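In what follows, a single structure is set out as C-alpha cells and then discussed.
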Amino acid sequence: MTSDKTTDSDLEALRAGAYDIAKAAGEAILAIYATDFAVSTKADASPVTAADIASQDVIEAGLAKLAPGVPVIAEESPAPAFEERRTWRRFWLVDPLDGTKEFVKRNGEFSVNIALIEDGVPVLGVVHAPVAGLTYTGVAAHAGKPASAWRLDAEGNAHPIHVRPPTAEGPVRVMVSRSHANGATAAFIERLREKYGEVETIARGSAIKTCLVADGTAHFYARLGPTMWWDTAAAQAVLEAAGGAMTEASGGRALKYVGDALSNPGFVAASRPLEAPVG
Numbered sequence: 031m032t033s034d035k036t037t038d039s040d041l042e043a044l045r046a047g048a049y050d051i052a053k054a055a056g057e058a059i060l061a062i063y064a065t066d067f068a069v070s071t072k073a074d075a076s077p078v079t080a081a082d083i084a085s086q087d088v089i090e091a092g093l094a095k096l097a098p099g100v101p102v103i104a105e106e107s108p109a110p111a112f113e114e115r116r117t118w119r120r121f122w123l124v125d126p127l128d129g130t131k132e133f134v135k136r137n138g139e140f141s142v143n144i145a146l147i148e149d150g151v152p153v154l155g156v157v158h159a160p161v162a163g164l165t166y167t168g169v170a171a172h173a174g175k176p177a178s179a180w181r182l183d184a185e186g187n188a189h190p191i192h193v194r195p196p197t198a199e200g201p202v203r204v205m206v207s208r209s210h211a212n213g214a215t216a217a218f219i220e221r222l223r224e225k226y227g228e229v230e231t232i233a234r235g236s237a238i239k240t241c242l243v244a245d246g247t248a249h250f251y252a253r254l255g256p257t258m259w260w261d262t263a264a265a266q267a268v269l270e271a272a273g274g275a276m277t278e279a280s281g282g283r284a285l286k287y288v289g290d291a292l293s294n295p296g297f298v299a300a301s302r303p304l305e306a307p308v309g
C-alpha cells in the first residue's frame, strides 16, 4: 500500500492486523512489567521505560509489514517536520504505552494505542489493555457498512459496544484521570451535578477512560488539560464508531489531527457532541 487514502476494503483487514500488532506489543510490555524495570525521565518530565521502547519497536515493525509506505507518528520517536507531514493524507498515530505513570505504579491501567488517520480524521482505532486482557476496536463507516465498535476479551471473543446517554434513573458516571486532575475538570463535574443530580466519578489511567464511555460504562470523560495526538486518536475512533463524540471543550468541533502542533485542545468525550463550551 502507498500513503494514498485507504480503500474501503482495506479497513477491516487493517483493523485485524492492528489488533494483532497491539496484542504483540502488549506481550512485550508485560514481559518487562514482570521485572524490576528502570524508569528514566524525558525532556518534558514524563517517565519512560524499556517497555515503551520495546512496544514501539514491535508496533513499528508490524505496521511496516501491514501497510508498507504508510508513515507513522509514534510517541517515542521524533516526528517528521511539518513540511513533510503536511502532504500526508493517511498516517498511523501510535502511543506504545499510554499511561506510563500507571505502568510505573503497577496498577495495570495502561494501554497500547494504534490509530489510522485519514484527512485528519481517525478512521480506525485499537486500544489494548495488556493487564486486563481487553481490547477495544473501532472502524468508521465504509463500503456501505456502518461504523462498528467492539470490545474483545483475552480469548478474542468480540462483543459490540455502544455509548449510553445519561438518564434520570441513575447517577451520571464521569471518568476522571488517575494522574492529571485539575480545577477545570472539577468545575465541569460540578456543572454536571447541577444539571443531572447525582454524579459518580471513576478514576482510571490512559485511553481506557474514553473506551469506558464508548462501551456505556460511563457517560462523560473531560480532559481539560494538555494531551498529545497519540493519547487520543485511537480511543476517539472507538468512541465515534460506538456512536459517541470527542469534541473540543471550546465548542462542538470534533478533535482533528492536522497542523504543525501535535497537541490537542481540552476536550470532552461523551455520547453526543458537546452543546456548550466548557472551561
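Residue numbers 31 to 309, in my numbering, belong to the letters of the sequence shown in order. Every residue, glycine too, gets a C-beta built ideally from N, C-alpha and C. These numbers come from a predicted model, not from an experiment.
The Cβ-Cβ distance between G174 and A272 does not fall below 8 Å. In this structure Q86 is not in contact with E114, their Cβ atoms being roughly 20 Å apart against a cut-off of 8 Å. Per DSSP, reduced to three states, the secondary structure at G56 is helical.
Looking at I144, G255 and A171, the one whose alpha-carbon comes closest to that of T165 is I144. Comparing alpha carbon positions, the residue from V243, D125 and V78 closest to A179 is V243.
Per DSSP, L127 lies in no alpha helix (DSSP H); the unbroken beta strand (DSSP E) holding it starts and ends at R120 to D128. In the same chain as A188, and ignoring 5 residues on each side of it, the C-beta atoms closer than 7 Å to its own belong to W180 and L182, in chain order. Residue pairing from DSSP places L146 in a beta bridge opposite W122 and L154. For K175, the pairing in a beta bridge is given by DSSP as H172. Inside the stretch 217-256, DSSP marks whole beta strand (DSSP E) runs of 3 or more residues at positions 229-234 and 250-253, from first to last along the chain. Residue pairing of R181 in beta bridges, as defined by DSSP: Y166 and H189. The beta carbon of D82 sits closer than 7 Å to those of E106, P126, L127 and T130, all from its chain and outside the five residues before and after it, given in chain order.
Taking all protein chains in view, the Cβ of V142 is crowded by 16 or more other Cβ atoms within 10 Å, so the residue is classified as buried. Non-local beta-carbon contacts of L254 in its own chain, meaning distances under 7 Å to residues more than five positions away in sequence, involve N212, A214, T215, F218, A279, G296, V308 and G309 in chain order.
With contacts defined as CB atoms closer than 8 Å, V156 and Y49 qualify as a contacting pair.
In the displayed model, R203 falls within a strand according to three-state DSSP. Looking only at L60, V298 and G235, the smallest Cα-Cα distance to Q266 is reached by V298. Annotation: H192 to D245 spans about 5 Å, alpha carbon to alpha carbon. In the three-state reduction of the DSSP assignment, V88 falls in the helix class. The secondary-structure analysis by DSSP pairs P77 across a beta bridge with T71.
A170 and F67 have their C-alpha atoms some 38 Å from each other. Distances from the CA of R45 to each of K135, R302, R136 and W122 were compared; the closest alpha carbon is that of W122.
The alpha-carbon of F140 is positioned some 26 Å away from that of P201. The three-state secondary structure of F297, taken from DSSP, is strand.
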